[in-house]
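Position 264 of the sequence shown, counting from 1, maps to 264 under the numbering used here, and the rest follow consecutively.
All C-beta atoms, glycine included, are put in the ideal place defined by N, C-alpha and C.
Heads up: the structure comes next, in structure tokens.
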Amino acid sequence: MKRNLDLLTSPGFVAGLLLLLANDFLLKPAFHDALTGKLSDFAGLFVFPLFWAALTPRWRRAAYALTALGFVFWKSSYAQPLIDAWNSLGLLRVARVVDPTDLWALVALPASFEYLRRRGAADSGPSPFAPRRAAALAVLLLSVFAFAATQSAGDHMISEDREYKFDMSKEELTERLKRDAEVAYVSARDDPDDFSLSTRTKVCGEGVFASFKVERRGLGSLLKVSYLIYNCEQGPRGQEAALEAEAVHAFEHDVVEKLRAPAGP
1 MKRNLDLLTS
11 PGFVAGLLLL
21 LANDFLLKPA
31 FHDALTGKLS
41 DFAGLFVFPL
51 FWAALTPRWR
61 RAAYALTALG
71 FVFWKSSYAQ
81 PLIDAWNSLG
91 LLRVARVVDP
101 TDLWALVALP
111 ASFEYLRRRG
121 AADSGPSPFA
131 PRRAAALAVL
141 LLSVFAFAAT
151 QSAGDHMISE
161 DREYKFDMSK
171 EELTERLKRD
181 AEVAYVSARD
191 DPDDFSLSTR
201 TKVCGEGVFA
211 SFKVERRGLG
221 SLLKVSYLIY
231 NCEQGPRGQE
241 AALEAEAVHA
251 FEHDVVEKLR
261 APAGP
């Protein structure tokens, strides 16, 4: 089955691609709220499998299945070891905020597949006209740029080590962490002393993702933060330090202060 590049110039694909670009480069910097934070996921999941269906029509169902699985994996804490290994290479740094509510964007996939089905029924085949083929190739290149840009747009990593001491055992701290911290979720990775979480307090409309380790320290315990990640488009010059401080405050308010407060009954 030949490639169907005309799909890339169809109204639905072009509209989704323009929405993705407009959200990442215009709406997020202007508003940086919860809506714009999620809009890229919805638009991206609509157009990304269409892109691959246009290039590999025979594997269009696999493109949708792999897109769903890849998105779930990327948005989970299980992807973190892979991200850490990549970042350790010292190349282009990758960061993302883990937020389970992002998975709502998966509803865009059935809508995208239905659009593909209807479009396939209506199309008579690839266009032989050179101008349309050239337009499709131009959209293809723009799509590659958009997919790459949306993965890096807005994610900021605070990687300097931060340590917080507690006058309780490591076991009690771990239990309190799961019970008392005001976070969207707490996840222990393969190492039972390694944790990741997302704060309820939001920065630019989204929670702050934190990766940290819990250790024994004398008669007490120590919480060592590996890094924090917040998602916020580049604001006016000079705001970076303020946003970083806001992200640190969100973690300390939702986690550290709650753990240091007297334990409830």
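Original post:
For G258 versus A210, is the C-beta spacing smaller than 7 Å?
Top reply: Note that residue 258 is Lys in the sequence shown here, rather than Gly. No; because the gap between Cβ atoms is not below 7 Å, this pair is not in contact.
Subject >> For P236, the three-state DSSP class (helix, strand or coil) >> reply: With a pLDDT of only 49 at P236, under the threshold of 50, the placement of this residue in the model should not be trusted, and no figure is reported.
**OP:** Starting from the Cα of L106, find the closest Cα among E246, Y64, S198 and K170 and give me that residue.
**Re:** Residue Y64 is the option with its Cα nearest to L106.
**OP:** Return the Cβ separation of L8 and G44 in integer angstroms, given the expectation that the two are a contact with Cβ distance under 8 Å.
**Re:** Contact doesn't hold; Cβ gap of about 15 Å is too wide.
Original post:
Roughly how many whole angstroms lie between the Cα atoms of T67 and F51?
Top reply: C-alpha separation (whole angstroms): 11 Å.
Original post:
First and last residue of the beta strand (DSSP E) that includes Y78?
Top reply: Secondary structure note for Y78: it is in no beta strand (DSSP E), with a DSSP letter that is neither H nor E.
Original post:
Does DSSP put T56 in a helix, a strand or coil?
Top reply: Three-state DSSP puts T56 in coil, outside helix and strand.
Original post:
Are three or more beta carbon pairs between the stretch 160 to 177 and the stretch 25 to 43 nearer than 8 Å?
Top reply: Flag = no, the stretch 160 to 177 and the stretch 25 to 43 do not touch.
Original post:
Can you tell me whether S159 is buried or exposed, with buried defined as 16 or more other CB within 10 angstroms of its CB?
Top reply: Burial call: exposed.
**OP:** Starting from the C-beta of E215, find all residues in its chain whose C-beta is less than 6 Å away, skip the five residues before and the five after it, and write them out in chain order.
**Re:** These residues qualify, in order along the chain: L222.
Subject >> Identity of the residues DSSP links to A210 by a beta bridge >> reply: Its beta-bridge partners are L197 and L228.
**OP:** Spell out a yes or no on whether the stretch 74 to 87 and the stretch 53 to 62 are touching, meaning 3 or more CB-CB pairs, one atom from each, closer than 8 Å.
**Re:** Contact fails between the stretch 74 to 87 and the stretch 53 to 62, because fewer than three Cβ pairs, one in each stretch, are under 8 Å apart.
Subject >> Whether D155 touches N231 by CB criterion (7 Å) >> reply: Yes, Cβ-Cβ distance for D155 and N231 is below 7 Å.
Subject >> One or two residues paired with H156 in a DSSP bridge >> reply: According to DSSP, H156 shares a beta bridge with Y230.
Original post:
What does a CB cutoff of less than 8 Å around W74 pick up in its chain, not counting 5 residues either side in sequence?
Top reply: The beta carbon of W74 sits closer than 8 Å to those of R96, all from its chain and outside the five residues before and after it, given in chain order.
**OP:** Compare the beta carbon distance of Y241 and T199 with 7 Å and say whether it is the shorter of the two.
**Re:** Going by the sequence as given, residue 241 is Ala instead of Tyr. Taking 7 Å as the Cβ cut-off, A241 and T199 do not qualify as a contacting pair.
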